[in-house]
Amino acid sequence: MRQAMQKTIEDVAMPRFHRTDAGKQTRTAWPTLRIIALICAFAISVGFWVGAYLLLRLIW
425 MRQAMQKTIE DVAMPRFHRT DAGKQTRTAW PTLRIIALIC AFAISVGFWV GAYLLLRLIW
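Residue numbers (my numbering): 425 to 484.
Next comes the structure, spelled out in structure tokens:
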């Protein structure tokens with residue numbers, strides 16, 4: 425009975441450790457995604473302002 429309980433506890437506990445390892449990996453990946461998102465947002469903003477400037481130059 426005790427071995428069965430121990431095995432059940434190990435089976436339940438092991439995936440939790442793997443989840444924390446996966447969580448650590450995703451945490452290291454997040455700054456990269458955040459940097460890419462910031463670069464994309466900056467590029468869209470620059471494109472918007474350049475487009476607005478060129479449109480005004482064409483009209484005036």
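Don't be surprised by glycine CBs; every beta carbon is placed ideally from N, CA and C.
Shown here for residue 479: not one same chain residue has a beta carbon closer than 6 Å to its own, the five before and five after excluded. In this structure, the alpha-carbon of residue 482 lies about 24 Å from that of residue 466. Excluding the 5 residues flanking it on each side, residue 464 has no same chain C-beta neighbour closer than 8 Å.
Here DSSP, grouped into helix, strand and coil, assigns residue 454 to helix. In the three-state reduction of the DSSP assignment, residue 484 falls in the coil class. Rounded to whole angstroms, residue 476 and residue 455 show a C-alpha spacing of 31 Å.
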